[in-house]
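Read top to bottom, the protein sequences are chains A and B.
With the numbering used here applied, the first sequence corresponds to residues 1 to 193, in that order.
With the numbering used here applied, the second sequence corresponds to residues 1001 to 1193, in that order.
Ideal Cβ positions, reconstructed from N, Cα and C, are used throughout, including at glycine.
Presented below is the structure to which this report refers.
Number of protein chains: 2
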Amino acid sequence: MPEGLRERTRRAVRAELAAIALDLFAERGFEDTTVEEIARAAGLTKRSFFRYFPAKEDAVFEGIDVTGDQVVRDLLARPADEAPWQSLRAVLSESERQIHASGQAVAGLKLIESTPSLRARVHEKRSRWRQQVSRALRDRPGADLDAFTADLLTNAATAALDTASQAWLRSDGTADRAALLDRAFDLLQPTTA
Amino acid sequence: MPEGLRERTRRAVRAELAAIALDLFAERGFEDTTVEEIARAAGLTKRSFFRYFPAKEDAVFEGIDVTGDQVVRDLLARPADEAPWQSLRAVLSESERQIHASGQAVAGLKLIESTPSLRARVHEKRSRWRQQVSRALRDRPGADLDAFTADLLTNAATAALDTASQAWLRSDGTADRAALLDRAFDLLQPTTA
DNA sequence: AAACTTGTGACACCTGGTGTCATGAAGTAG
DNA sequence: CTACTTCATGACACCAGGTGTCACAAGTTT
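Structure (structure tokens):
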């Protein structure tokens, strides 16, 4: 049972809905675009939009969403003897690279940065995966971390991420994202490990 | 012209509105309490509630709000030769202490922690003062910081704050907040300064 | 083809939030 | 004390994001 027509159409509709939404947001701004307009532009009803996305904001994160599960999986795949900080660096560098690769995403990132409710959404998602990541750090074979240190490392990693992101935006997207992230991770390297 | 009756009543109503709101939130939860209910419980209209608070969420932050201005002012008052990281530590320790002092605030903190939309609000406020703080760090007499480093220090400081807060909540509010914060700042001390 | 499941439109409804207007009270002259 | 201005309030209408419900039309299975 490979994949029914239903799931395929569902994903297709979902993707198109997101694309249309992003276009409209870019054109008229996030707040000034109603869900009704998006839905009608896609030939659907408002009600149906909400069957594809739980909220208007979620349409923006279609291609950008870095799930906690993904990060955790990558983290557990790192060599067991690697210092936690280096593992975090490697994993987050990779997921950054991945997001940044899809040209579509860059427009999304700028939109997010300039829209308060979207930034809030980012933080919400992030605080969810911070828990998972912190746990994952402690669950690594041979790891000897207390909860406090694991949280601290995780929070510091997101600080590095944020700093790199801010610098990148300040450069209008011209700076080398990977290099910025590396610099942040270097400077912040905790004294523990 | 010391202070008109108008301003006094306004502040009194505002405070009482916040208190009533906090009670109702504690009782029925934030989402399940409508603005209408709060307003009626205070003998006002929904419309009038919004003349005191721009949004439902803001009623929660009455006593807790650490303004960016406050932090900046404290920061500039630190000795000029103190390392930025130490200044941040001192200022944030103090503001933490201040919030924690008011017994009323603790209920608010727990409510915030358990309500997504409130947590989002916190992050929103924080990202606003991070800009200010980062600027303030660079504006200190004799400071020689590039924007990147200033952002990094600021972000790292909030990481420390978050970590201490998480640990404190994990201990059900029994741990020594100041000690936790100190430990976080020690471990995170950046290699630069 | 019949029976079942799932996506859809239509419609009603709730809640947060804003614009507007009339009214009455607080503050200020004369 | 009276007249004039200013401001907070209630009342009402309105918008947008979300959710519940139901009937119907697809897609799916036997």
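Mark residue 1120/B as exposed unless 16 or more other C-beta atoms lie within 10 angstroms of its C-beta, in which case mark it buried. Along the second sequence, read from residue 1 onward, the residue named residue 1120/B stands at position 120. Buried, by the Cβ-count rule.
Short-range partners of chain A found in the segment 1040 to 1054 of chain B, where Cβ spacing is below 7 Å: none
Which residues of chain A have a Cβ atom closer than 7 Å to the Cβ of residue 1123/B, listed in chain order? By 1-based counting over the second sequence, the position of residue 1123/B is 123. By Cβ distance, chain A contributes 120, 123.
If the criterion is Cβ atoms closer than 7 Å, does the pair residue 59/A and residue 21/A meet it? Here the question's residue 59/A lines up with position 59 in the first sequence. Here the question's residue 21/A lines up with position 21 in the first sequence. Against a cut-off of 7 Å, the Cβ pair of residue 21/A and residue 59/A comes out as a contact.
From 1094/B, 1062/B, 1116/B, 1051/B, residue whose alpha carbon lies closest to that of residue 1071/B: What you label residue 1071/B is simply residue 71 of the second sequence in a count that begins at 1. Taking only the C-alpha atoms, the option nearest residue 1071/B is 1094/B.
Could you list which residues in chain B have their beta carbon closer than 7 Å to that of residue 170/A, in chain order? Residue numbering aside, residue 170/A sits at position 170 when the first sequence is read from its first letter. Here the neighbours are 1147.
Indicate whether the contact test is met: 3 or more Cβ pairs, each with one atom in the segment 119 to 137 of chain A and one in the segment 37 to 48 of chain A, closer than 8 Å. no
Measuring CB to CB, does residue 194/A end up less than 7 Å from residue 150/A? There is simply no residue 194/A to check, as chain A begins at 1 and stops at 193 in what is shown.
Determine, for residue 1162/B, whether the minimum Cβ-Cβ distance to residues of chain A falls below 7 Å. Here residue 1162/B refers to the residue found at position 162 when the second sequence is read from its first residue. Chain A contact via Cβ: present.
Taking residue 1184/B and residue 152/A to be in contact with their CB atoms under 8 Å, please state how far apart those CB atoms are, rounded to whole angstroms. Reading the second sequence from its first residue, position 184 is the one you call residue 1184/B. Reading the first sequence from its first residue, position 152 is the one you call residue 152/A. Confirmed, Cβ separation roughly 6 Å.
Out of 135/A, 178/A, 163/A, 190/A, which has the shortest C-alpha to C-alpha gap to residue 69/A? Residue 69/A sits at position 69 when you count from the first residue of the first sequence. When only C-alpha atoms are compared, the closest one is 135/A.
What ranges does the alpha helix (DSSP H) occupy inside the segment 89 to 134 of chain A, keeping only unbroken runs of at least 4 residues that lie completely in it? 103 to 113
Interface flag, residue 190/A vs chain B, CB-CB below 7 Å: In the first sequence, counting from the first residue as 1, residue 190/A sits at position 190. Interface residue, yes.
C-alpha gap between residue 178/A and residue 163/A, whole angstroms: In the first sequence, counting from the first residue as 1, residue 178/A sits at position 178. In the first sequence, counting from the first residue as 1, residue 163/A sits at position 163. For residue 178/A and residue 163/A, the distance between alpha carbons rounds to 12 Å.
When DSSP labels each residue in this structure, what does residue 27/A get in the three-state scheme? Position 27 of the first sequence, counted from the start, is the residue given in the question as residue 27/A. The answer is helix: DSSP assigns residue 27/A an H, G or I state.
Pull up the distance between the alpha-carbon of residue 15/A and that of residue 1090/B, whole angstroms please. As a working mapping, residue 15/A is identified with position 15 in the first sequence. As a working mapping, residue 1090/B is identified with position 90 in the second sequence. Roughly 49 Å separates the two Cα atoms.
Residue 1146/B: which of 1084/B, 1063/B, 1062/B, 1116/B sits nearest, CA to CA? Locating residue 1146/B in the second sequence gives position 146, counting from the first residue. Closest option to residue 1146/B, Cα to Cα, is 1084/B.
Could you list which residues in chain A have their beta carbon closer than 9 Å to that of residue 1181/B, in chain order? Position 181 of the second sequence holds residue 1181/B. Under the 9 Å cutoff, chain A gives no residues; its nearest Cβ is about 11 Å from residue 1181/B.
Applying the 10 Å Cβ sphere with the 16-neighbour rule, what's the burial state of residue 1191/B? Numbered from 1 along the second sequence, position 191 holds the residue referred to as residue 1191/B. Under this definition residue 1191/B is an exposed residue.
Rounded separation between residue 1062/B and residue 1018/B - CA only: Looking up residue 1062/B in the second sequence gives position 62. Looking up residue 1018/B in the second sequence gives position 18. One C-alpha to the other measures close to 7 Å.
Can you name the residues of chain A whose CB is closer than 8 Å to the CB of residue 1187/B? Against the second sequence, residue 1187/B aligns to sequence position 187. Here the neighbours are 149, 152, 190, 191, 192.
Got a sec, what are the start and stop residues for the alpha helix (DSSP H) residue 191/A sits in? The sequence position of residue 191/A within the first sequence is 191, counting from 1. Counting along the chain, residue 191/A falls outside any alpha helix (DSSP H), and DSSP gives it neither H nor E.
Within 10 Å of its beta-carbon, does residue 43/A have 16 or more other beta-carbons around it, so buried, or fewer, so exposed? Counting from 1 along the first sequence, the entry for residue 43/A is found at position 43. Per the 10 Å Cβ criterion, exposed.
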